[in-house]
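Some notes on the structure that comes next.
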Amino acid sequence: MTESKPKPKENRPQPVQVLEAPLRTSLWIAIGIAALGVVWSNTARIPMQVEGLGVIVPPGGLSSLPARATGTIFYQVSPNSNKESPINIRVRKFWNGDSLDEEAIALQGEIRNRKLSRSSVNKILSTITKITLSPKESGSAHEFYPQNHEDIDTVFRRGTVLAIIDSPNDREVLASKLRQTTTSIRLRLKSEERLKTLLKNYISSYKLQSGQQEVVREQVAQQLDWEKTLEKLAKIGWVPRSLYLQASSQVLGLRSNLITANSQLISLLQSIQDSQQKLLQSDTDIKNDLLALRVALFDYLNKAYLIAPTDLYVVNTSFRNQQTITTGSSAFLYTTSNPILPTYITTYFNAKQASQIFPGMKALVTPSGISRAQYGGIIASVERVDTSPSSLEEISAQTGIQEVGQLVNTSQSVPFRVVVKLQKIHKDQTQACNSQTKEECYLWNSGEEPPFPTRLGNTVNVQVTTDTQTPIQLVIPVLRKFLGIATDAS
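Numbering (my numbering), first residue to last: 63 to 552.
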């Protein structure tokens with residue numbers, strides 16, 4: 063048998079496989095993503111935004127009532143109790159130009175031109191002592207801490223004592239002046255009593271010697287007549303000449319007594335005038351002491367008492383009752399008009415940012431403390447852009463808060479003012495956001511209300527959309543700069 067030989071295999075062409083199936087799928091996915099990226103980079107719009115700072119200020123503006131002393135603050139009124147204590151009523155009368163006490167001499171203005179007595183001076187000193195009592199002793203302090211919008215609806219009239227700052231140093235300065243003045247006045251009053259007694263004695267002596275002088279004058283007149291008679295009789299020899307000389311000697315003696323009496327009367331009259339002048343000077347010195355005490359009291363009241371300069375609404379307090387406050391710190395933030403949430407607010411941007419902002423641009427306003435990522439912001443639009451920068455004083459005056467002015471001046475170099483209009487939910491833009499609708503006052507872009515209501519005095523972060531660009535427009539300048547095609551100068 064012959065062995066069968068295996069047939070040789072045929073060399074048939076096989077298909078070339080460049081990529082496996084999973085790799086091909088990945089490639090097509092990558093190509094699709096790249097295509098989508100190209101489309102996105104040319105069609106998507108990325109907003110270009112600048113950010114600034116602002117404050118929620120009512121239409122009438124905000125003002126600050128700063129502390130003029132360092133000490134413990136005691137609120138004298140509150141939204142639920144605006145009754146004044148008797149001591150504060152006296153202070154308000156003094157502040158408004160009325161008398162401190164009905165029975166005392168007015169210290170405000172010129173001291174009335176009338177005779178001062180120990181009792182009237184003591185009444186004045188007693189009144190001042192009552193006014194300078196520690197607020198803890200007066201028992202008139204109240205808690206004043208606005209918790210909601212209803213708390214700022216109470217209007218406080220001009221001259222109302224809003225708070226007292228208990229400053230031991232200032233009270234000691236006034237107490238020292240009071241002790242000094244009291245001692246000085248009482249010494250002067252005692253001196254006046256001695257002068258009055260001495261003046262009374264002088265006047266009595268003057269009247270007595272004046273009467274005696276009249277008697278001496280009559281005696282001199284009678285003796286002169288008798289002298290002339292003796293002179294005639296002596297000439298004709300009817301009486302001896304020695305009798306005439308004796309009468310002449312008596313006349314000379316009486317005249318000498320009269321001259322002495324006149325000198326004594328002149329001396330007494332001078333003493334009376336000196337005493338009267340000393341009494342007038344003492345009275346003037348007492349009045350000057352009282353005026354100096356009035357100045358010291360006014361200075362103390364100006365430092366220790368926070369008095370409403372006009373009819374006002376208290377928007378915010380920076381300190382709790384019986385906390386320590388320092389000189390220059392803002393004790394009250396107030397407005398003189400109805401404290402409603404505004405439609406327009408003032409914001410600030412630096413010079414570079416402000417040059418990109420124009421009226422009509424869209425803005426987003428987010429109060430500080432609220433997450434923009436979670437709640438977004440209040441929809442707004444730009445109304446006006448100032449062409450000149452604002453100074454620190456102008457910013458503080460416009461916002462009413464000096465600290466905000468300093469913050470803006472620090473964070474925004476060369477700040478420019480930009481007025482922004484906030485969009486309210488109400489169709490009627492003039493409708494006030496009152497206490498019932500305050501939480502739904504403004505329109506938020508997220509459609510979700512934040513848990514914290516917008517309040518007057520809140521600082522806000524403002525985001526203005528100045529332009530929109532495609533991603534490719536943002537990448538091309540970077541690539542050109544990277545490849546050296548363009549530089550910063552070009």
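Note that the Cβ used here is the ideal one computed from N, Cα and C, for glycine as well.
Remember, it's a predicted structure, so these values are computed and weren't measured experimentally.
CB-CB length for I463 against S508, believed under 8 Å: About 28 Å separates the two Cβ atoms, so there is no contact after all.
Rounded separation between Y268 and P371 - CA only: 59 Å
Counterpart residues of A225 in DSSP-defined beta bridges: Y137, L368
Beta carbon of A416 nearer than 8 Å to that of V444: no
According to DSSP, residues forming a beta bridge with I440: V427, W506
Distance CB(P401)-CB(T516) smaller than 8 Å: no
Contact check, I135 vs I227, beta carbons under 8 Å: yes
Residue-level contact to chain C via CB, P421, 8 Å cutoff: No chain C is present in this structure, which holds just one protein chain.
Residues bridged to P31 (per DSSP): Here the chain covers residues 63 to 552 and nothing more, so residue 31 does not appear.
Beta-carbon contacts of Q209 that lie in its chain and below 8 Å, excluding the five residues immediately before and after: With a pLDDT of only 43 at Q209, under the threshold of 50, the placement of this residue in the model should not be trusted; the figure read from the coordinates follows. The answer is none, since no qualifying residue turns up.
Distance, R241 Cα to L330 Cα: 37 Å
Backbone secondary structure at I457 - three-state DSSP: helix
C-beta atoms of S229 and K365 nearer than 8 Å: yes
Backbone secondary structure at Q415 - three-state DSSP: helix
When G114, I93, L85, I91 are compared against F411, the one with the closest alpha-carbon: G114
Residues near T499 in its chain [Cβ-Cβ closer than 7 Å; skip 5 each side]: Note that T499 scores a pLDDT of 44, beneath 50, so its modelled location is shaky and nothing firm can be said.
Segment limits, beta strand (DSSP E) that includes T472: Element bounds for T472: not the beta strand (DSSP E) but the alpha helix (DSSP H), 464-473.
Distance between T244 and Q460 (C-alpha atoms, nearest Å): 47 Å
Same chain only: Cβ atoms within 7 Å of A225, ignoring 5 sequence neighbours per side: I135, F136, Y137, Q138, L368, A393
Proximal residues to K340 (C-beta, below 7 Å), its chain only, five neighbours per side dropped: L257
Host beta strand (DSSP E) of T379 (start-end): 374-379
Bridge-paired residues (DSSP) for L115: Y410, N523
Cross-strand partners of I387 (DSSP beta bridge): G133
Three-way DSSP call (helix, strand, coil) for A203 in this model: Only weak support is given to the placement of A203: the predicted model assigns it a pLDDT of 49, under 50, and the question is left unresolved by the model.
Whole-angstrom distance between L89 and I95, CA atom to CA atom: 10 Å
Extent of the continuous beta strand (DSSP E) to which V476 belongs: Per DSSP, V476 belongs to no beta strand (DSSP E) and is neither H nor E.
Alpha-carbon to alpha-carbon, L124 and A413: 26 Å
Sub-8 Å separation of I397 and R130 beta-carbons: It should be noted that the sequence gives Thr, not Ile, for residue 397. Contact flag unset, no.
Residues near S399 in its chain [Cβ-Cβ closer than 7 Å; skip 5 each side]: P120, P121, G122
Rounded straight-line distance, which links the Cα of V526 to that of V376: 32 Å
I265 beta carbon less than 8 Å from that of I334: yes
Own chain residues within Cβ distance below 7 Å of L260, not counting five before or after: S337
Strand pairing of P451, partner residues [DSSP]: F478
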